[in-house]
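Visitor: Heads up: the sequence lines are chains A and B, in that order. For the first sequence, position 333 matches number 333 in our numbering, and the numbering has no gaps at all. For the second sequence, position 148 matches number 1148 in our numbering, and the numbering has no gaps at all.
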Amino acid sequence: MEQESGLKTLPGDEVRQIQWGFSDRYDLQMLVANARRVARTIVAKNVAEGERNTHEWTKKKAAMIDAFDEAGLTAAFMDVEHGGFIDGPKNLALALMAFEISWVDGGAATAGLAGNLALSPINECGTPEQRARYMGGAVPGKGGKLLRGSFDLTEPLPYAGVDGSMLSGTMRIEKWEEGKEPILKIEKRGRFITNMAYANFVTAAVGSADERIKGSTMVILEETDPGLYDRGVATKKMTHQLSSTHDPVFSLSVPASRIIGGYDIVDGKIVPRLDHGSIIEAVFSHTRVTVGIMTAAKLLSAVEPLIRYHRQRYRGTSADDVASPRFKLGIQQKEDAQQRLADIWAAGEAMCSLGFAAARLFDKIDALVKIRKEILAKKGITGGRALYKETKAIEAQAMEYLKLDGSLTEAQKATDAKYRALKEDPLIQFALLDTLGNVYCPAPKLWNTGHGTNMMREAVALMGGYGITEDAPGYLCNKWVDGQLEATYEGPEVVQRRQISLTMTNELFLEQLRLALAELEAIHREMPNVGAAITARAGKLFLFALDYMQKTNDATGKKYFHANRQGVSFPLADALACLLGSVEQIRDLVRLKNEGPQNPVAAESLPGLLPFMGDLCVIQALDMAGEVEKVLTELIYGYMADPASVRTTLKEYQELRLALEESMAGQRSARDRAGYALTQVSIPEVLDYPQ
Amino acid sequence: MSIDHTYHLVICGSVVPDPLQSLEPVVTQGKPGLKNELMLPMVLDPFVNHSLNEAAKLREATKDTQVHLVAVGPKAKLQQLMMVLAQKTAFNLVAVDAPAGGFIDSHTVAAALAEAIKAIPGLDLQKTLVFGGWSSASRASGTTLQLVGEKLGITEQFFGVDRLTPAADGGFTVLERVEAGQHLETQVAGAPAVIGWATGELPELPNNPKIGMMNMAKIMPAIGKAKAVDLASAGFSVVDTALPAEKRQTRVVKDMPAAAVAAEIKEWIASGKAG
Ligand SMILES: Cc1cc2nc3c(=O)[nH]c(=O)nc-3n(C[C@H](O)[C@H](O)[C@H](O)COP(=O)(O)OP(=O)(O)OC[C@H]3O[C@@H](n4cnc5c(N)ncnc54)[C@H](O)[C@@H]3O)c2cc1C
C-alpha cells in the first residue's frame, strides 16, 4: 500500500526567498526573475546548440552578453548613483544572479560576472573619479561606448598564479614633465584572463621596475591607450566554454592617474596608495563567495532531471503496464537511486545555505565599512599604531559582548545597558562580522566547489551512460567539469585552505562558533529531527581538537597545528567548512519554519516540506559528522606514538566523540524517508530549458 | 507621432498554471481544482504580455493615456509574477483574489472583472479600451472578454486583433484575424471598445528593473488590498475532470528539414496509429 509523502512539489520561489533571506527584497526578486529568464532561454540554447564545442568567442556567445545587459544583470553591480538599480551592498544580489545562471551553465555565469571582477578593484579601492568613469561607463543603455573589463593578475609560467606576489608585470616612468601628470609604461602579460575576447579595459597587477616608483599596485589599461593591446590566443579550456579566456599581452603608455586608488609624490617618487596585494585582498574577500554558489546551484539543478530520468527509464515498451511500479517509478523503485539523489540534494542545500549566508554577511560588512571609516576618521585614527591600539581595544569589547550574549537571557538582553551599548556599537559589530567573514568567504569557495564537484560526479553517475553525453538533460556532465574550474579560478582550494587555517584560530571567530553551537543545541530541543544535535556535537569535537592541536606536540615533538604544517591545518580547514555548511543549512530551515507561515504559498507547502528539509539537514549532518570525526581522529591519533597512548590519553576527546555518536542514534532513517519522498514528489512534465 | 487624444486602457489578464507541470484535476471539498494547486508554479497568461506591449505602445503614441491591469487570480501567486510584469511598463494594478486553476465559468470571471473595472477611480468608460486575450492559456473558452464588454455596455468588440493604429481624431483602425491567414481591417470612430488581442506584432518589452522598482512600490499595496471573491456560480458545476487520454512519445531530432518532419507526420497519420 502506497503511503502519502508530505513533499508534494519541488520548493518554489517563495520558499527559497525565505530560506535565503530575500523575501522582502523586490529588487533581488526581479533580478532572479530576469537572470532565470536569460539563463533558461538564450544561455540554454547556446549550450543545446553546441556553442560549448568551440573555444572561440562567437556571435551567439556575444549575444548572450547583450541579453545580460538588457535584463539588467550587468547594471546590478553598479550603485544607483552610477546608473544601477540596487541600493547598497550587492553581494547577495550577485550570488543570486550567479545561482540562476549557473543553474544552466557556469561559463555563462562567469561571463556575466567577470566584468564585475574587473571593476571590483576600482569599486573597492578606486578614487571617486575612477569610480565615476568606470562604474558609470559600464552601465548599459546610457549611449556611448560601453566599458567591459577584464581582471588581470595571473601571468604566464613561472610567474603569478597561486602565489600572486611573484609578479613579472612592470611599470616604469616613461615621461614626467614638470608640473604634469607622469606617463607610465606598463608591460603585462596575462594567462587565463576572462572576458579578454571583448574587454576594452583591464585592471592589471604590476610591480615597479623603476626606482622612482615604489612597490606594486594595480593599474587600469584601456584598449585605446598608445602601444600594444593584444588579446592573445583563446585558452583551450575543457570547461566553461561560454566564457572567454585568453592569454593577452600589453605594452601600453598610461597616465599615472590610472593607478587604482591614486598615488602620492614623496621625495620625488611615485608612491601608490595601495599595493596590489591589498587591492586583491579587498576584491577576493567578496567575489569568491559567488563562485561557491555557482557549484551549489548545479547540485540543486540536477535533482529534477534525475528524478525524471529515473521515473521514465523503463517507459515506452510495447508491454507497458501504466499501473505498475516499474512504469511509474522506473529506477526509483530502487533504494540506492533514491537515497543517493537525496544525498546530492542535501549537499546542495547545505552549500547554498553556506554561500548565501556568506553573501548576506558581506552585505552587512559592506554596510558597516563606510560607517567605521567615518568613526575612525572622527577619532583621528588613520592607521599605524593608533589603529592597532584601537583594534585591540575593540576586539576586547567585542569579546565582552560575545560573553554577555552567551550568558544573558533574552529578557536580560533587552534591558542590560552594557549589552545594548556593545551591541549597537558599529565598530564592535564590524570586528565581529569581519572575523566571521574571514572564514565565511573561503569556506563556501573551498567546500562548495571541491565537495560540490565530487557530488556532481555522483549526479552524473546516477544518469548512467546518458549522464556523460552532451545530450544529458540538465547538462550534468558539463556541470561536473565546470565545478572543477570553479574550484580553481579566483584561487584554488589551497588558497582557501590557507586562509581558513590562518583565520579560524581567531578567538572572536571561535567564540562566535561556540555561540552558534549553543544555538544549535537550543534548536535541537525544539526541533529534534533536523540534525542540530549532531552538528553541535561535531562542532564541539572540532573546537576541542583544534585547541588541543594548537597547544600540543605530536609524537615527533612537532606542534600538531602550525600554519605551515599543511598536512594538519588543511584537513582541519576542510572539516570546518563542511561543518559550517550544516550550521547554515539548519539555520535556514529554522527561518523557513518561523517565517514560512506568513507567506500563503510557502505556508501551503510547509507541512510536507519542513519534515523533508529537516531530513535533508540530518542526511548532511551525518555525512559532515562522519567526515569531521574522520579528519580529527586521523590527525590526533595518527600522529601519536603507539596504541597505548591512544588508549590512555585524551579521555575528554573520547567522551566528546561518544556524545557525537550518541546523537546519531536513529537518525539514518531520515535518508530512507527523504529517498521515499523523492519517489512521490510531483515534478514538471519536461525541463524548462532545452537539452 | 504624438496624438492629442487620451485613452483609458484596461487590460484584463492574470496567471495560469504552468503548462509544463503535471496538471492533475481533482475535486476537493466539492470544488474542482488542480492537485497541489497553490504549490504549483504559475505563469503569466501570455496574452497579458501581448496586451501590455500594445498598451505601452499606444500610450507612447497618445497623450495622458493611463494603463490599468485588472487581474483576477490567486493573490499569493500574483506577487512573483508581477516581478516580471512590473519591469515592462508603468501600470496601475487592480487585483481580485480568486482561484485560477481553469475551472471557473467565464460568466463569473467576467462579472468579477467588470465589477473591478467599474470601481477604478477616475476611469471614464467612454474613453476606455478594454484589452485582453482573445482566448486564455488556462481553459480558452474565448468568451470572457466578450462578456466583460457586455456587462460594461461596450458592444464594439474585436477579436484576434494583431494591430491597432490610432488616428488623430481619437478613432482607430483595427486589424483582426479572420480565417486562412487573412486580416479584416475596421475603422472605428473611437472608444469605448473591447480588443481581444491575438499575438500582436510587437516584440516583447525588455525587462527594465528600474521601471520595476517604481512599479512595485504601487503594486504591492494593490496586491495587499485585493479582495477575495467567491467565484462559485449558481447553475454551473463541474461534473467530472480528467486528463486527455493521450500518451506522449517524444523523440528528439536535430537538424531535420521541415519537409521531412511533415512527411513523417503524414505517414504516421495515414498509418492509423494516431488513433
Ligand atoms: C578558465 C580560467 C579563467 C581564469 N580567469 C582569470 C582572470 O580573469 N584573471 C586572473 O587574474 N586569473 C584568472 N585565472 C587564473 C586562476 O586564478 C589561476 O589559474 C589560479 O589562481 C591558480 O594559479 P595557477 O594555475 O598558476 O596554479 P599554480 O600556482 O601552478 O598552482 C597549482 C597547484 O599547486 C598547488 N599549490 C600551489 N601553491 C601552493 C602552496 N603555496 N601550498 C600548497 N599547494 C600549492 C595547488 O594544488 C595548486 O592548485 C583563470 C583561470 C582559468 C583556468
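We put the beta carbon where it would ideally sit given N, CA and C, even for glycine. Note that the structure is a prediction, hence the values are computed from the model and not measured.
I'd like to know whether the C-beta of glutamine 1066 of chain B is nearer than 7 Å to at least one C-beta of chain A.
Guide: Along the second sequence, one-based indexing puts residue 1066 of chain B at 66. No, glutamine 1066 of chain B does not count as interfacial toward chain A.
Visitor: Mind listing which residues of the segment 1209–1226 of chain B have their C-beta closer than 7 Å to chain A's C-betas, in chain order?
Guide: Against chain A - using a Cβ distance shorter than 7 Å - the residues of the segment 1209–1226 of chain B are Pro1209, Lys1210, Gly1212, Met1213 and Met1216.
Visitor: Taking 7 Å as the CB-CB cut-off, is valine 1084 of chain B touching chain A?
Guide: The sequence position of residue 1084 of chain B within the second sequence is 84, counting from 1. It does; some Cβ of chain A falls within 7 Å.
Visitor: Quick one: list the residues of chain B neighbouring glycine 126 of chain A, beta-carbon separation under 7 Å, in chain order.
Guide: Your numbering for residue 126 of chain A matches position 126 in the first sequence. Ordered by position in chain B, no residue passes the 7 Å Cβ test against glycine 126 of chain A, which lies about 24 Å from the chain.
Visitor: Residues in its own chain within less than 7 Å of threonine 552 of chain A by CB, not counting five upstream and five downstream?
Guide: Indexing the first sequence from 1 puts residue 552 of chain A at position 552. These residues qualify, in order along the chain: Tyr560.
Visitor: Count the CB pairs spanning the segment 106–125 of chain A and the segment 316–327 of chain A that are closer than 8 Å, and state whether there are at least three.
Guide: Output reads no: the segment 316–327 of chain A does not touch the segment 106–125 of chain A.
Visitor: By the three-class DSSP mapping on this structure, what secondary structure does alanine 109 of chain A have?
Guide: On the first sequence, residue 109 of chain A is found 109 positions in, with the first residue counted as 1. Alanine 109 of chain A falls in the helix class under three-state DSSP.
Visitor: Any C-beta of chain B within less than 7 Å: which residues of the segment 79–102 of chain A qualify?
Guide: Flagged, chain order: Phe85.
Visitor: Going by alpha carbons, who is nearest to glycine 539 of chain A out of A/Ala516, A/His524, A/Leu31 and A/Ala555?
Guide: Along the first sequence, one-based indexing puts residue 539 of chain A at 539. Nearest option by C-alpha distance: A/Ala516.
Visitor: For the putative contact between alanine 396 of chain A and glutamine 620 of chain A, defined by C-beta atoms under 8 Å, what is the C-beta separation to the nearest angstrom?
Guide: The residue you call residue 396 of chain A lines up with position 396 of the first sequence. The residue you call residue 620 of chain A lines up with position 620 of the first sequence. In fact, because the Cβ distance is near 36 Å, the residues do not count as touching under 8 Å.
Visitor: Using the rule of at least 16 other Cβ atoms within 10 Å of the residue's Cβ for burial, across every protein chain shown, is aspartate 1255 of chain B buried or exposed?
Guide: Taking the second sequence and counting its residues from 1, the one referred to as residue 1255 of chain B is at position 255. Aspartate 1255 of chain B comes out exposed.
Visitor: Would you mind telling me which residues of chain B sit closer than 7 Å to leucine 31 of chain A, beta carbon to beta carbon, in chain order?
Guide: Position 31 of the first sequence, counted from the start, is the residue given in the question as residue 31 of chain A. The answer, in chain order, is Pro1209.
Visitor: I need the straight-line Cα distance from valine 233 of chain A to alanine 76 of chain A, nearest angstrom please.
Guide: On the first sequence, residue 233 of chain A is found 233 positions in, with the first residue counted as 1. On the first sequence, residue 76 of chain A is found 76 positions in, with the first residue counted as 1. The alpha-carbon atoms of valine 233 of chain A and alanine 76 of chain A are separated by roughly 30 Å.
Visitor: Under the criterion of a Cβ to heavy atom distance below 6 Å, does glycine 161 of chain A qualify as lining ligand 1?
Guide: Position 161 of the first sequence, counting from 1, holds the residue named residue 161 of chain A. Yes, ligand 1 has a heavy atom inside 6 Å of this Cβ.
Visitor: Could you give the C-beta distance for glycine 348 of chain A and proline 444 of chain A, rounded to a whole number, given that I count them as a contact under 8 Å?
Guide: As a working mapping, residue 348 of chain A is identified with position 348 in the first sequence. As a working mapping, residue 444 of chain A is identified with position 444 in the first sequence. With a Cβ gap of about 12 Å, glycine 348 of chain A and proline 444 of chain A do not count as contacting.
Visitor: Between the segment 1035–1056 of chain B and chain A, which residues of the former have CB atoms less than 7 Å from a CB of the latter, in chain order?
Guide: Listed by position, the residues of the segment 1035–1056 of chain B near chain A (Cβ gap below 7 Å) are Asn1036, Leu1038, Met1039, Leu1040 and Pro1041.
Visitor: Pull up the CB-CB distance for glycine 88 of chain A and aspartate 482 of chain A, whole angstroms please, since I reckon it's below 8 Å.
Guide: For the purposes of this step, residue 88 of chain A is taken as the residue at position 88 of the first sequence. For the purposes of this step, residue 482 of chain A is taken as the residue at position 482 of the first sequence. Contact doesn't hold; Cβ gap of about 31 Å is too wide.
Visitor: Is it the case that the Cβ atoms of isoleucine 371 of chain A and tyrosine 401 of chain A are separated by a distance below 7 Å?
Guide: The residue labelled residue 371 of chain A in the question sits at position 371 within the first sequence. The residue labelled residue 401 of chain A in the question sits at position 401 within the first sequence. Cβ atoms of isoleucine 371 of chain A and tyrosine 401 of chain A: not closer than 7 Å.
Visitor: Around the Cβ of glutamine 1187 of chain B, are there at least 16 other Cβ atoms within 10 angstroms (buried) or fewer (exposed)?
Guide: As a working mapping, residue 1187 of chain B is identified with position 187 in the second sequence. It is exposed - the Cβ of glutamine 1187 of chain B has fewer than 16 other Cβ atoms within 10 Å.
Visitor: Is asparagine 34 of chain A close to chain B, meaning its C-beta is less than 7 Å from at least one C-beta of that chain?
Guide: Locating residue 34 of chain A in the first sequence gives position 34, where the first residue counts as 1. Judged by the 7 Å Cβ criterion, asparagine 34 of chain A is in contact with chain B.
Visitor: With a threshold of 7 Å between beta-carbons, can proline 1206 of chain B be considered close to chain A, or not?
Guide: For the purposes of this step, residue 1206 of chain B is taken as residue 206 along the second sequence, with counting starting at 1. Yes, proline 1206 of chain B counts as interfacial toward chain A.
Visitor: Name the chain A residues that come within less than 7 Å of alanine 1076 of chain B, Cβ to Cβ?
Guide: Within the second sequence, residue 1076 of chain B is the residue found at index 76, counting from 1. Residues of chain A passing the Cβ test: Pro600 and Val601.
Visitor: Tell me the rounded alpha-carbon separation between lysine 1035 of chain B and glutamine 1029 of chain B.
Guide: If you number the second sequence from 1, residue 1035 of chain B lands on position 35. If you number the second sequence from 1, residue 1029 of chain B lands on position 29. Approximately 12 Å, taken between the alpha carbons.
Visitor: Thinking just about the alpha-carbon of each residue, which of A/Ile101, A/Asn91, A/Ala398 and A/Gln29 is nearest to the one in glutamine 1079 of chain B?
Guide: Counting from 1 along the second sequence, the entry for residue 1079 of chain B is found at position 79. Comparing Cα positions, the closest option is A/Gln29.
Visitor: Between arginine 1163 of chain B and leucine 1145 of chain B, how many whole angstroms is the CB-CB distance? I'm expecting something under 8 Å.
Guide: As a first step, residue 1163 of chain B is located in the second sequence; it is residue number 163 there, counting from the start. As a first step, residue 1145 of chain B is located in the second sequence; it is residue number 145 there, counting from the start. At roughly 18 Å, the Cβ-Cβ gap does not stay under 8 Å, so arginine 1163 of chain B and leucine 1145 of chain B are not in contact.
Visitor: Ligand 1 and leucine 167 of chain A: does any heavy atom of the ligand fall closer than 6 Å to the residue's C-beta?
Guide: Indexing the first sequence from 1 puts residue 167 of chain A at position 167. Leucine 167 of chain A Cβ: outside cutoff for every heavy atom of ligand 1.
Visitor: Quick check on this structure: which residue in A/Gln680, A/Ala377 and A/Asp688 has the alpha carbon closest to the alpha carbon of leucine 329 of chain A?
Guide: Against the first sequence, residue 329 of chain A aligns to sequence position 329. Checked all of A/Gln680, A/Ala377 and A/Asp688; the closest Cα to leucine 329 of chain A is A/Gln680.
Visitor: Within the chosen definition, does the segment 478–497 of chain A reach the segment 239–249 of chain A through at least 3 CB pairs nearer than 8 Å?
Guide: Enough Cβ pairs lie closer than 8 Å, so yes.
Visitor: I want to see whether chain B comes within less than 7 Å of lysine 746 of chain A, judged by CB atoms only; does it?
Guide: Coverage of chain A is limited to positions 1 through 691, which leaves residue 746 of chain A absent and any answer about it impossible.
Visitor: Tell me whether proline 492 of chain A counts as near ligand 1, meaning its Cβ is closer than 6 Å to at least one heavy atom of that ligand.
Guide: Here residue 492 of chain A refers to the residue found at position 492 when the first sequence is read from its first residue. Result yes, Cβ under 6 Å from ligand 1.
Visitor: Cβ of lysine 445 of chain A within 6 Å of any heavy atom in ligand 1?
Guide: The sequence position of residue 445 of chain A within the first sequence is 445, counting from 1. Lysine 445 of chain A: no, Cβ never under 6 Å from ligand 1.
Visitor: What three-state label does DSSP hand asparagine 553 of chain A in the structure shown?
Guide: By 1-based counting over the first sequence, the position of residue 553 of chain A is 553. Three-state DSSP puts asparagine 553 of chain A in a strand.
Visitor: Where do the ends of the beta strand (DSSP E) carrying phenylalanine 284 of chain A lie?
Guide: Locating residue 284 of chain A in the first sequence gives position 284, where the first residue counts as 1. Note, phenylalanine 284 of chain A: premise wrong, no beta strand (DSSP E); alpha helix (DSSP H) at 276–312.
Visitor: Express the C-alpha separation of methionine 166 of chain A and alanine 641 of chain A in angstroms, rounding to a whole number.
Guide: Translated into positions along the first sequence, residue 641 of chain A becomes position 641. Translated into positions along the first sequence, residue 166 of chain A becomes position 166. Near 40 Å, if we compare the C-alpha coordinates of methionine 166 of chain A and alanine 641 of chain A.
Visitor: Can you tell me which of the three DSSP states arginine 360 of chain A falls into?
Guide: Against the first sequence, residue 360 of chain A aligns to sequence position 360. Three-state result, arginine 360 of chain A: helix.
Visitor: Contact criterion: CB-CB distance below 7 Å. Does leucine 1093 of chain B meet it with respect to chain A?
Guide: Locating residue 1093 of chain B in the second sequence gives position 93, where the first residue counts as 1. Chain A, which has no Cβ nearer than 7 Å to the Cβ of leucine 1093 of chain B, makes this no.
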